[in-house]
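K.L.:
One structure, as structure tokens, below. Some questions next.
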Amino acid sequence: MPTTLIVGGNGKVARHLTRILATETRPSHHVHSIIRTSSQGADIEALGSRPVVLSIEAASVAEIANTMGKIGPESVVFLASAPFAESERASSVDRDGAIKCMDACAEAGVKRFIIVSGMDVRDCDKRPIPDWYNEGDVKASARLRGFIDPWMRAKLAADRELRVGNNRRKLDYTIVRPGRITDDAGVGSVFVGKAHLGNSVSQEDVARVVAACLTNPDTIGLAFDVTGGDSPVAQAVAQVAADRVDSFEGYY
1 MPTTLIVGGN GKVARHLTRI LATETRPSHH VHSIIRTSSQ GADIEALGSR PVVLSIEAAS
61 VAEIANTMGK IGPESVVFLA SAPFAESERA SSVDRDGAIK CMDACAEAGV KRFIIVSGMD
121 VRDCDKRPIP DWYNEGDVKA SARLRGFIDP WMRAKLAADR ELRVGNNRRK LDYTIVRPGR
181 ITDDAGVGSV FVGKAHLGNS VSQEDVARVV AACLTNPDTI GLAFDVTGGD SPVAQAVAQV
241 AADRVDSFEG YY
């Protein structure tokens, strides 16, 4: 059975992913989840994961790598993010925490790394507007940054470092970039590729995209948007991988 470590295991997408990997995926996964506090552990165990209490903000790269070494995962999925009420933590969680986990993977010899970022994460100061954006996308992008700019900048820094620093780390990475995430029940179909802003996607369907990436090595090296759509998840992921669609390249 493959072993997967989820960083940020108490989040809503992470909980869906845990259940999917532990009970639906074949072969099923041994899932371990890094969480911040022991009080979250019982809920995580009930979903089929083994909780590991560790603060990625406080821990060093060596400490995170040591934890990975004890678990022995084939894959790491980074799903940690600072709460919207605590914007001052975006840099320590979404940026620094992610980069420490990348470095820890390299140190521990874990090759597969998937990070869940966000749609429209890009360098708005130095790079052009994405060529598939329309006027509505441009306006939506400006509004988005008015609300969550600290997270967008933190995720940009992490995603950029994952890509430009990979000559050193040599990770088999994928960057999953969901649109607005909702609590709606998953429907099992999505759009994957270069998406327009304003389209939402459920937490469960984001988790299913991540699970599909774990079983599809052709997604390695890509970054792509995910929104609600009409294509079955596995089919959508396979198509974007076959076409080598990347919505981050040229915009960081």
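Numbered according to full-length UniProt numbering, the sequence shown spans residues 1 to 252. For each residue, glycine too, the CB sits at the ideal point set by N, CA and C.
For Arg208 and Gly186, which I take to be in contact (beta-carbon distance under 8 Å), what is that distance rounded to the nearest angstrom?
P.N.:
The Cβ separation is near 6 Å, so the contact holds.
K.L.:
Look up Ala82 in the DSSP assignment and say whether it is helix, strand or coil.
P.N.:
DSSP places Ala82 in coil when its eight states are reduced to three.
K.L.:
Which runs of the alpha helix (DSSP H), 4 residues or longer, sit entirely within the segment 70 to 130?
P.N.:
Counting whole runs of 4 or more residues, the segment 70 to 130 contains the alpha helix (DSSP H) stretches 96 to 108.
K.L.:
Count the other C-beta atoms from every protein chain shown that fall within 10 angstroms of the C-beta of Met102, then say buried if there are 16 or more, exposed otherwise.
P.N.:
Under this definition Met102 is a buried residue.
K.L.:
Measure the beta-carbon distance from Ala51 to Glu45 and round it to whole angstroms, keeping in mind my assumption that it falls under 8 Å.
P.N.:
Ala is not the amino acid found at residue 51; the sequence shown has Pro there. Confirmed, Cβ separation roughly 6 Å.
K.L.:
Hey, out of Ala158, Val176, Asp218, Leu79, whose CA is closest to Ala241's CA?
P.N.:
That would be Asp218, whose Cα lies nearest to the Cα of Ala241.
K.L.:
With a CB to CB cut of under 6 Å and the five nearest residues on each side skipped, what residues in its chain are close to Arg95?
P.N.:
Taken in chain order, the residues that qualify are Ala154, Ala157, Ala158.
K.L.:
Quick one: which unbroken alpha helix (DSSP H) runs of 4-plus residues sit fully inside the segment 28 to 55? Chain order, please.
P.N.:
For the segment 28 to 55, whole alpha helix (DSSP H) runs of length 4 or above, ordered along the chain, are 41 to 47.
K.L.:
From which residue to which residue does the beta strand (DSSP E) around Cys178 run?
P.N.:
The sequence as given places Pro at residue 178; Cys does not occur at that position. Looking at the DSSP string, the run of the beta strand (DSSP E) that includes Pro178 is 172 to 178.
K.L.:
With three or more C-beta pairs closer than 8 Å as the rule, is the segment 198 to 217 touching the segment 6 to 22?
P.N.:
Touching, per the Cβ criterion.
K.L.:
Just curious, the alpha helix (DSSP H) that Ser247 is in, first and last residue?
P.N.:
First-last for Ser247: undefined, no H or E at that position.
K.L.:
Just the C-alpha distance for Lys126 and Phe147, rounded to the nearest angstrom, thanks.
P.N.:
When rounded, the distance between both Cα atoms is 21 Å.
K.L.:
Would you mind working out which of Ala238, Ala140, Lys100 sits nearest Gly165, comparing C-alpha positions?
P.N.:
If we check each option's Cα against that of Gly165, Lys100 comes out closest.
K.L.:
If I'm right that His32 touches Ile64 with Cβ under 8 Å, what's the distance once you round it to whole angstroms?
P.N.:
With a Cβ gap of about 13 Å, His32 and Ile64 do not count as contacting.
K.L.:
List the residues that DSSP assigns as beta-bridge partners of Leu5.
P.N.:
Beta-bridge pairing links Leu5 to His32, Val76.
K.L.:
Does the distance from the C-beta atom of Thr227 to that of Val201 stay below 9 Å?
P.N.:
Cβ atoms of Thr227 and Val201: closer than 9 Å.
K.L.:
Could you spell out the range, first to last residue, of the alpha helix (DSSP H) harbouring Thr18?
P.N.:
Segment 12 to 19, the alpha helix (DSSP H) holding Thr18.
K.L.:
Which residues mark the beginning and the end of the alpha helix (DSSP H) in which Val210 is found?
P.N.:
That run of the alpha helix (DSSP H) goes 203 to 214.
K.L.:
Using the Cα positions of Asn66 and Asn134, report the straight-line distance between them to the nearest angstrom.
P.N.:
Taking the straight line joining both Cα atoms gives about 46 Å.
K.L.:
Run the CB neighbour count on Ala42, radius 10 Å, all protein chains shown included, and call it buried at 16 or more, exposed below.
P.N.:
Exposed, since its Cβ has fewer than 16 Cβ neighbours within 10 Å.
K.L.:
May I ask which residues mark the beginning and end of the beta strand (DSSP E) holding Ala154?
P.N.:
Taken as a continuous stretch (DSSP letters only), Ala154 belongs to no beta strand (DSSP E), being part of the alpha helix (DSSP H) at 135 to 164.
K.L.:
So Arg163 and Ala106 are supposed to be a Cβ contact under 8 Å. How far apart are they, rounded?
P.N.:
Incorrect: roughly 14 Å between the Cβ atoms, too far for contact.
K.L.:
Determine the DSSP secondary structure at Thr25, reduced to helix, strand or coil.
P.N.:
Coil at Thr25, not helix or strand.
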